[in-house]
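Take a look at the structure below.
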Amino acid sequence: MLDRFLRKKRYLRNFYDKPHTMTTKQQYRVLFIIGGAMFLLGLIAASMVLIVMAAILMCATLITKIFPAVGNPPVTQEYVVPDTPVVNPDYLVYRGYQLEFSTEEFEKILTKHLPYFLILENQEQREKFIKRVRKFMQRKNFVIHDKGGFKEMPILISASAVQLSFGLKKYLLPIFSEIHIYPDEFINYHQSLRIVIGNVSNNRINISWKHFLNGFRLPDGVNVGLHEMAHAYHYQNFAALDDMDEHFMEGYKAFEERSRTALLYELSSLSSLYTLYGLSNEQEFWAESVEIFFEKTAELMALDKSLYYIISNTLNQGFF
Ligand SMILES: [Zn+2]
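In structure tokens form, the structure reads like this:
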């Protein structure tokens with residue numbers, strides 16, 4: 184009995200005294216088990232994330248179905264003429280799909296304010312122009328940062344976009360669902376704080392109404408409506424990469440190429456056709472080129488014929 188007890192004690196002492204080292208095979212096994220466990224945990228976590236995301240998506244779809252106003256307004260529904268626009272303390276909202284103007288109203292306003300409309304070749308072209316303006320307007324929300332709004336606002340601002348793209352197939356600029364109209368200059372909070380008369384940011388086109396109207400009043404090469412629409416059209420095609428116009432994209436490549444030398448040429452020519460801001464980078468050069476193309480066509484032709492034809496080809500329209 185004692186002997187057995189002593190033997191067991193010796194065995195245990197030997198066991199505990201022995202250094203606990205594992206063989207390489209054992210180490211691999213442990214590593215394999217830990218690795219396997221981590222892989223399984225990762226798999227479970229990833230599945231959970233996917234399940235949560237799918238649930239969020241389902242909820243969002245359901246909400247959009249229950250409350251269609253959350254998504255884009257359907258454009259095929261019956262038009263409702265609002266007695267009063269949606270009123271907020273600081274601004275008014277005109278939903279384009281609720282605005283209804285007769286063809287005569289379009290014609291009257293466009294004839295009065297838009298020189299481009301008057302030089303359209305024939306009635307067929309004018310009808311096409313009005314059709315496009317109407318369609319463009321229906322797809323936008325017009326947010327007016329003032330106490331009152333005019334029916335000229337949605338019509339003429341839509342018309343400035345249609346003028347730019349009249350030679351092209353795509354013209355709806357779907358990425359820009361909101362057009363904000365300010366009575367005068369406004370403060371731009373987007374990249375830096377500064378006073379501007381127009382800009383394009385996120386899904387918004389912002390425009391000062393006073394400057395917009397002045398732009399079409401005088402053919403002086405300054406037109407904030409065309410300027411911002413030029414930025415917006417470029418953004419729609421090259422940044423949003425949605426509803427792109429193949430002809431424009433192809434033509435713009437030549438403009439981009441030409442702008443590298445044209446910028447220097449215009450800077451050195453001292454022609455005063457472009458402003459220094461317009462010559463500060465390619466984007467501003469593009470927007471100002473569009474203004475000049477429409478408003479100072481003859482001067483552009485005299486200064487830089489090939490640039491005129493490149494812009495004309497990019498927009499698929501021209502005056503010569
Ligand atoms: Zn600009």
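Read in order, the letters of the sequence shown are residues 184 to 503 in this note's numbering. All C-beta atoms in this analysis are idealised placements derived from N, C-alpha and C, irrespective of residue type, glycine included. Being a predicted model, the structure only gives us computed values, none of them experimental.
Beta-carbon within less than 6 Å of residue i's beta-carbon, same chain only, minus the 5 sequence neighbours each way: which residues are those?
i	result
residue 266	Because residue 266 sits at a pLDDT of 44, beneath the cut-off of 50, its placement in the model cannot be relied upon, and the following sentence gives the value as read from the coordinates. There are no such residues.
residue 309	303
residue 292	335 and 338
residue 472	494
Contact defined as beta carbons within less than 8 Å: I believe residue i pairs with residue j. What is the distance between those atoms, to the nearest angstrom?
i	j	result
residue 506	residue 415	Outside the modelled stretch of the chain, which goes from 184 to 503, sits residue 506, for which no answer is possible.
residue 378	residue 370	6 Å
residue 274	residue 325	The Cβ separation is near 10 Å, so there is no contact.
residue 486	residue 456	6 Å
residue 395	residue 408	5 Å
residue 467	residue 460	6 Å
residue 331	residue 500	Going by Cβ atoms, the distance from residue 331 to residue 500 rounds to 35 Å, so no, they are not a contact pair.
If distances are taken between C-alpha atoms only, which option among the options comes closest to residue i?
i	options	result
residue 298	320, 503, 397 and 329	397
residue 464	439, 313 and 350	439
residue 432	417, 442, 443 and 441	417
residue 386	401, 367 and 363	363
residue 437	471, 399 and 489	489
residue 476	421, 231, 347 and 357	347
residue 313	232, 390 and 294	294
residue 183	328, 495 and 452	Outside the displayed span of the chain (184 to 503) sits residue 183, for which this structure offers no information.
residue 424	305, 388, 357 and 316	357
residue 435	389, 207 and 469	469
residue 296	382, 402 and 421	402
residue 301	496, 342, 228 and 221	342
residue 442	367, 219, 389 and 492	492
What three-state label does DSSP hand residue i in the structure shown?
i	result
residue 405	coil
residue 389	strand
residue 461	coil
residue 179	A question about residue 179 goes unanswered here, because the residues of the chain that appear run from 184 up to 503.
residue 365	strand
residue 274	coil
residue 358	coil
residue 230	helix
residue 255	Unreliable positioning characterises residue 255 in this predicted model, as indicated by a pLDDT of 39, which lies under 50. The coordinate reading is nonetheless provided below. Residue 255 falls in the coil class under three-state DSSP.
residue 451	helix
residue 284	coil
residue 350	coil
residue 382	strand
residue 316	helix
residue 212	helix
residue 302	coil
residue 395	helix
residue 324	strand
residue 371	strand
Going by beta carbon distance, what residues of the same chain come within less than 7 Å of residue i, once the five residues before and after it are set aside?
i	result
residue 279	320, 321, 322, 323, 324, 325 and 337
residue 286	313
Ligand 2 and residue i: does any heavy atom of the ligand fall closer than 8 Å to the residue's C-beta?
i	result
residue 461	Ligands present in the displayed structure are limited to ligand 1, and ligand 2 is not among them.
Please tell me whether residue i has its Cβ less than 9 Å away from any Cβ of chain D.
i	result
residue 346	The chain labelled as chain D is not found in the depicted structure, where only one protein chain is given.
Beta-carbon distances below 6 Å to any heavy atom of ligand 1 define the shell here; list its residues in chain order, please.
410, 414, 467 and 470
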